[in-house]
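The opening position of the sequence shown corresponds to residue 138 in my numbering, with each subsequent residue numbered one higher.
Glycine included, C-beta positions come from ideal geometry on N, C-alpha and C.
Given the structure is predicted, the values throughout are model-derived calculations rather than measurements.
Report on the following structure.
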Amino acid sequence: MAEGGAKGGAALAVLVGAALIGLAPIGVRLSELPPVATNMWRFIFALPILALWAAHDKPADGRDRGLLLIAGVFFALELSLWAASLTKTTVANATLLTNMTPIFAALFGWLLLKERIAPSVLFGGAVALVGAVLLAIGRSAAGPASGEEGWLGDIMATGSAFGYAAYLLMVRSIGKRVGVGGVMFWAGLSGVAVTFALALLLGEPLLPHSLQGWLILIGLGVVTQVGGQGLIAYGVGRLPILVSTVLLWMQPLAAAALSWIIFGEALGPIAFAGAAFILAGLFVVQRARAKP
138 MAEGGAKGGA
148 ALAVLVGAAL
158 IGLAPIGVRL
168 SELPPVATNM
178 WRFIFALPIL
188 ALWAAHDKPA
198 DGRDRGLLLI
208 AGVFFALELS
218 LWAASLTKTT
228 VANATLLTNM
238 TPIFAALFGW
248 LLLKERIAPS
258 VLFGGAVALV
268 GAVLLAIGRS
278 AAGPASGEEG
288 WLGDIMATGS
298 AFGYAAYLLM
308 VRSIGKRVGV
318 GGVMFWAGLS
328 GVAVTFALAL
338 LLGEPLLPHS
348 LQGWLILIGL
358 GVVTQVGGQG
368 LIAYGVGRLP
378 ILVSTVLLWM
388 QPLAAAALSW
398 IIFGEALGPI
408 AFAGAAFILA
418 GLFVVQRARA
428 KP
């Protein structure tokens, strides 16, 4: 009974965490600041809480701190590319395409670590790729998703999945020695520096002009960055990977539903089919990777 209750709590944590992260693209869209500056504040507001978390977690030595700072560069670039994609394509497209990270992680593992790729992983990747094409073809012609801009946004979102896969590949081994709080803190510290430099380079304004603008940035840092990621980190380690994969579908589903309600970005039949293909492909990939 106790074990069942613990798994139920873990499942709820993953579900709620995924839903909170699903709020991130909505917050980025509603932000008064451009994408990179928005992400800079997202990192900044998360850092104090992450510092407290890291202080009570397994500490990182000097070498691991350096590696995490490097990993944070990939994380910041990935997050900035994803946020920029939201200005050109739909929230659903950006979120679903970014969630193809497990496929690229398997590819990197094969190329860099000589890890074997099972035929089912190749099949799942092919299914997800078909879904990505369908999603792009069926993209709404309204708003920021029209014409060549929409295709560019889809490419940027897919590129962010590559960046996040590189980040995960770096922190995978470090995570065995350092707690989640430490990983997120040191990567986030690097993220602040990278996004600040990028925002200056791009000439982006750094300060919102209203209380609502500040509240959105605080929400992105505290609710999505710390709350969402923290709940997922807690729950995923206590659940079978396939259960976690299905529960994490809440993120793109929540983002798609909210973008439909708030921005009128409804998924047409072709885009809906593409979303289903992507989720099915990810499930096949995760199922294959869960096998010993």
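**Prompt:** In three-state DSSP terms, what is S347?
**Reply:** The residue you call residue 347 lines up with position 210 of the sequence shown. Coil at S347, not helix or strand.
**Item:** Assumed close pair G229, A410 - CB separation to whole angstroms, cut-off 8 Å
**Value:** Here residue 229 is taken as the residue at index 92 of the sequence shown, counted from 1. Here residue 410 is taken as the residue at index 273 of the sequence shown, counted from 1. According to the sequence provided, residue 229 is Ala. The question's Gly does not apply to it. Distance from A229 to A410 at the Cβ level is roughly 13 Å; contact not present, criterion being Cβ atoms closer than 8 Å.
**Item:** Selection from S347, G328, L385, V315 that minimises the alpha carbon distance to M177
**Value:** Within the sequence shown, the letter at position 40 stands for residue 177. The residue from S347, G328, L385, V315 with its alpha-carbon nearest to that of M177 is G328.
**Request:** Under 8 Å by Cβ, that's how I've got A156 and I369 pegged, so tell me the actual separation to the nearest angstrom.
**Result:** Locating residue 156 in the sequence shown gives position 19, counting from the first residue. Locating residue 369 in the sequence shown gives position 232, counting from the first residue. 10 Å between Cβ atoms; not a contact.
**Contact under 8 Å by Cβ, G325 with F180** = On the sequence shown, residue 325 is found 188 positions in, with the first residue counted as 1. On the sequence shown, residue 180 is found 43 positions in, with the first residue counted as 1. Yes, they are a contact pair.
**Message:** Counting C-beta neighbours from all protein chains within 10 Å, is the total for G203 16 or more, i.e. buried, or is it exposed?
**Reply:** Here residue 203 refers to the residue found at position 66 of the sequence shown. With fewer than 16 Cβ atoms within 10 Å of its Cβ, G203 is classed as exposed.
**Asked** Does the beta carbon of L170 come closer than 8 Å to any beta carbon on chain C?
**Response** The structure shown contains no chain C, having only a single protein chain.
**Item:** Span of the alpha helix (DSSP H), counted from its first residue to its last, around E215
**Value:** Counting from 1 along the sequence shown, the entry for residue 215 is found at position 78. Start and end: 199–222.
**Prompt:** Which residues in the same chain as N236 place their Cβ atom closer than 6 Å to its Cβ, once the five residues preceding and following it in sequence are excluded?
**Reply:** Position 99 of the sequence shown holds residue 236. So the list reads P389, once near-sequence residues are dropped.
**Message:** Just to confirm before moving on: does the CB-CB distance between I353 and F182 stay below 8 Å?
**Reply:** If you number the sequence shown from 1, residue 353 lands on position 216. If you number the sequence shown from 1, residue 182 lands on position 45. Against a cut-off of 8 Å, the Cβ pair of F182 and I353 comes out as no contact.
**Item:** Close beta carbons around A278, own chain, < 7 Å, minus the five adjacent residues each side
**Value:** As a working mapping, residue 278 is identified with position 141 in the sequence shown. Interpretation of A278 is limited by its pLDDT of 43, a score under 50 that renders its predicted location unreliable; the figure taken from the coordinates is listed afterwards. So no residue of the chain qualifies.
**Item:** Pick from I207, A221, I186 that is closest to V173, judged by C-alpha positions
**Value:** Locating residue 173 in the sequence shown gives position 36, where the first residue counts as 1. It is A221 whose Cα lies nearest to the Cα of V173.
**Item:** CA nearest to the CA of G290, picked from P406, V360, T227
**Value:** The count along the sequence shown starts at 1 and reaches residue 290 at position 153. The shortest C-alpha separation from G290 is found at T227.
**Prompt:** Nearest to L335 by alpha carbon, out of R166, T175, G159?
**Reply:** In the sequence shown, counting from the first residue as 1, residue 335 sits at position 198. Check the Cα spacing between L335 and each of R166, T175, G159: the tightest is with T175.
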